[in-house]
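Numbering (the numbering used here), first residue to last: 10 to 149. For every residue, glycine included, the Cβ atom is placed at its ideal position computed from N, Cα and C. Before any comments, here is the structure.
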Amino acid sequence: MRMTFKDNEKKNRHHKEETASSFFQLPLLNQGYKYPYVHTKSRIPVGRLCSYLRQMGVNNARILDIHYPDQNIAALLLQNDYAADFQKLLESKRVHFANNFDPWNGFILKDPQYREMTSQGRSLKAAKLQQQRLQRAAVK
């Protein structure tokens, strides 16, 4: 059944009123951001990854940044208030999260140029690369 013009207009007005009233609400206690890490089969362009997420029902406007800290791991920057809903939605679609993944650990460096470095040197390099990724996300 098609919505009439009046019904559609009423629905849009209600949505606009809700959006406007949310400005006057108290700030959430759960403020902040989180990077959940998800397993991927391969590294695909971010646009295609967003398309896949949209097909699963994810609101891509709530994803603030996407990058690949390791070969088969995607990092998605979310606000804390959306992270639980996001995880629940993706788990219902059988997406696996890399809960033990540590982007600061030097063992994730796969480039042969880091092979000869000490574990401390690799950890320092991994930390530097992670800081660069976080800085890029902050200036977007």
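- Item | Environment of R47 [buried if 16+ CB atoms lie within 10 Å] | Arg is not the amino acid found at residue 47; the sequence shown has Val there. Its Cβ being crowded by 16 or more others within 10 Å, V47 is buried.
- Message: Assess contact between the region 95-111 and the region 119-128, defined as three or more Cβ pairs (one per stretch) separated by less than 8 angstroms. Is contact present?
- Response: Cβ pair count under 8 angstroms is below three, so no.
- Task: Identify, in the order they occur along the chain, each residue of the same chain with its Cβ nearer than 7 angstroms to the Cβ of M63, setting aside the five sequence neighbours on each side.
- Result: Checking the displayed sequence, the identity of residue 63 turns out to be Arg instead of Met. If you ignore the 5 residues before and after R63, its C-beta comes within less than 7 angstroms of the C-beta of N69, all in its own chain and listed in chain order.
- Are the region 79-87 and the region 29-49 touching by the rule of at least three beta carbon pairs closer than 8 angstroms? Between the region 79-87 and the region 29-49, the count of Cβ pairs shorter than 8 angstroms is three or higher; the stretches touch.
- Item | Buried or exposed by the 16-neighbour rule on C-beta atoms within 10 Å, applied to V67 | Result: buried.
- Item | Between the CA atoms of N89 and Y77 - distance to the nearest angstrom | Cα-Cα distance, rounded: 20 angstroms.
- Would the beta-carbon of W113 fall within 8 angstroms of that of A146? In this structure, W113 lies away from A146, with their beta-carbon atoms at least 8 angstroms apart.
- Message: Going by the DSSP bridge assignment, what does I82 pair with across the sheet?
- Response: I82 pairs with H48 and D79.
- Task: Take L133 and list the residues in its own chain whose beta-carbon comes closer than 8 angstroms to its own, dropping the five residues that flank it on each side.
- Result: Within the same chain, Cβ atoms closer than 8 angstroms to the Cβ of L133 are found at G115, the five residues on either side in sequence being excluded.
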